[in-house]
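Chains as they are written, first to last, in the working numbering: chain A, 1 to 223; chain B, 1001 to 1292. Glycine included, every Cβ here is placed at the ideal spot set by N, Cα and C. Here's the structure, in structure tokens; my notes come after.
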């Protein structure tokens, strides 16, 4: 077996661009997912049954179907529902909804981890629900759910590989493309693995940094 | 001396001596809290069966009774933490929690509920402090977010409140660094900071080690002496005997007896009340020391 590094130097520009597309779709998907997830979780925890029932259906639908199929549905099926999206927005939307459902579950657990009595105390003092979420629930639950959140963020990073099937020129698409052009499959696939490894590693490091920062804050309060 | 027998909670009013005698301030003889035939059901279980009660300004009312008698539910209803479903609760004349519409009674908007219970301070059995905030942070939070005080003003007021419960030196401690008694005193300071007209205590010492009970009761006694209107659910018969203006005995969702501590503790006539007190007598005889 030969390993020819010149393949990378020859296609450095394309690979770099693919890396950036992966990074961009991933981070946009995460932001959208976190926002959606928070909305869904708040609606689930504080909403009435009219709000909860459709959300439960949505969550079950997303959780019980493959991401690949959802993505096809958004991109190729979208036009029949009157939603025509370019590949990248479609990819971000798909990633955001998929991630959002899982983030919602994580946030919901977080909300439920803060004792009900603390909210009753806030209620009695006239503190509004929104203020309670922001000032009392979020700071406490963040410590608990951060590992789970980081985990899901790294999952989404790897799910961006699926975006290649709706013609988004991200890392997987670029490198497998180079592979079939040059028949250097081993080099390109190895490179692909390294690319994702770097992203995921960066993300986990960032997560750990956050954990220790918040952990330092929490360690002032032995329990 | 005979205690008042209230069958089904239907005998109106309180005997004059139960409220007049031990009044601390007599400048304002107004009613702070009025309950009119308040009822509450959890499913098929009717836990409150038409409770009538009036609490005058500066009065201290103790609710006693066996567990499951509905006393905590009753107290929580007074802050609308439980939605009572029959009758009325009025705080300084304003109906709490509900509003009447053409289609019957509806839950009032949250802002309106908050407006009515603005003058109610609540203290919980489990303290319910926010563990990620310091003692001072706990006291200042509502001053900042609800009263919209500046950081400096809130801090000044918060420190004054902590000082009042003897914990100014613990301002920067987190709840987990405080003993149960200290935590409960912070919780009292937090409620007091909002200048409530009536304080509700839900078994404030039941979660405490016995040797920590005293410091919390001491703070409550001081409050009572200063003329704070208080409703206290308690198992501390000594406290009820010493501090209460009137004691109410609840059993199975009904007021079985009400009267002065003297009437309730020393002249109990109702078999259920006698039986309840006998349990305390059997366990420890401390309540006999309580002066009427």
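Quickly, what does DSSP pair residue 1246/B with across the bridge? List them, please. 1061/B
Looking at the structure shown, is residue 1300/B part of a helix, part of a strand, or coil, going by DSSP? The structure shown does not extend to residue 1300/B, since chain B is modelled only from 1001 to 1292, so the question has no answer here.
Of the residues that make up the segment 1128 to 1147 of chain B, which ones have a beta carbon closer than 8 Å to any beta carbon in chain A? 1128, 1129, 1130, 1131, 1132, 1141, 1142, 1145 and 1146
Does the separation of the CB atoms of residue 171/A and residue 192/A fall below 8 Å? yes
Taking all protein chains shown into account, decide if residue 1283/B is buried (16 or more other Cβ within 10 angstroms of its Cβ) or exposed. exposed
Going by beta carbon distance, what residues of the same chain come within less than 8 Å of residue 7/A, once the five residues before and after it are set aside? 178, 182, 184, 187 and 188
Once you ignore the five residues that flank residue 1103/B on each side, which residues in its own chain have a CB closer than 8 Å to its CB? none
DSSP-derived helix/strand/coil call for residue 213/A: helix
Drop a sphere of 10 angstroms on the beta-carbon of residue 98/A, count the other beta-carbons inside from all chains shown, and report buried for 16 or more, exposed for fewer. buried
Is residue 1103/B helix, strand or coil by DSSP? coil
Spell out whether any CB of chain B is found under 8 Å from the CB atom of residue 213/A. no
Is there at least one Cβ from chain B nearer than 8 Å to residue 117/A's Cβ? yes
Assign residue 1279/B to buried or exposed, taking buried as 16 or more other Cβ atoms, counted over all protein chains shown, within 10 Å of its Cβ. exposed
Please classify residue 1085/B: does DSSP put it in a helix, a strand, or coil? coil
Closer than 8 Å at the beta carbon, the chain A residues around residue 1096/B: Those within 8 Å of residue 1096/B in chain A number zero; the least Cβ separation is about 12 Å.
Could you give the DSSP three-state label for residue 1053/B: helix, strand or coil? strand
Say whether chain B places a C-beta atom closer than 8 Å to the C-beta of residue 170/A. no
Where does residue 1025/B land, buried or exposed, given buried means 16+ other C-beta within 10 angstroms? With a pLDDT of 44 at residue 1025/B, under the threshold of 50, the modelled position of this residue cannot be trusted; read the value that follows with caution. Under this definition residue 1025/B is an exposed residue.
Taking Cβ positions only, does residue 1171/B come closer than 8 Å to chain A? no
Rounded to whole angstroms, what's the CA-CA distance from residue 127/A to residue 1182/B? Just pull it up for me. 23 Å
Could you tell me which chain B residues have their CB closer than 8 Å to the CB of residue 147/A, listed as they occur along the chain? By Cβ distance, chain B contributes nothing, its closest Cβ being about 18 Å from residue 147/A, past 8 Å.
Strictly below 8 Å CB to CB, what residues from chain B border residue 121/A? 1122, 1124, 1128, 1129, 1130, 1187 and 1190
Whole angstroms are fine: how far does the CA of residue 113/A sit from the CA of residue 1105/B? 34 Å
If you draw a straight line from the alpha carbon of residue 28/A to that of residue 213/A, how long is it in whole angstroms? 25 Å
Taking 8 Å as the cut-off, decide whether the C-beta atoms of residue 1189/B and residue 1164/B are in contact. yes
Which chain B residues are close to residue 125/A, counting only those with a beta carbon under 8 Å from its beta carbon? 1141, 1142, 1146, 1190, 1191 and 1194
Any beta carbon from chain B within less than 8 Å of residue 139/A's own beta carbon? yes
Is it a yes or a no for the segment 1250 to 1267 of chain B touching the segment 1081 to 1094 of chain B, going by three-plus beta-carbon pairs under 8 Å? no
With DSSP run on the structure shown, which of helix, strand or coil describes residue 1133/B? coil
Please tell me whether residue 1079/B has its Cβ less than 8 Å away from any Cβ of chain A. yes
Kindly list, in the order they appear in chain A, the residues whose Cβ is closer than 8 Å to that of residue 1118/B. 126
Could you give the distance in angstroms between the alpha-carbon of residue 1002/B and the alpha-carbon of residue 1157/B? At residue 1002/B, the pLDDT of 42 sits below 50, so the modelled position is not reliable; the number obtained from the coordinates is stated separately. Computed Cα separation, rounded: 46 Å.
Return the Cβ separation of residue 1217/B and residue 1229/B in integer angstroms, given the expectation that the two are a contact with Cβ distance under 8 Å. Residue 1217/B to residue 1229/B, Cβ: 18 Å. No contact.
Tell me which residues share the same chain as residue 84/A and place their Cβ nearer than 8 Å to its Cβ, disregarding the 5 neighbours each side in the sequence. 78
Enumerate in chain order the residues of its own chain whose CB-to-CB distance from residue 1016/B is below 7 Å, with the five nearest sequence positions on each side excluded. With a pLDDT of only 41 at residue 1016/B, under 50, the local geometry of the prediction cannot be trusted, and the value read off the model is given with reservation. Excluding positions up to five away in sequence, the list is empty.
Is there at least one Cβ from chain C nearer than 8 Å to residue 133/A's Cβ? Absent here is chain C; the protein component of the structure consists of chains A and B.
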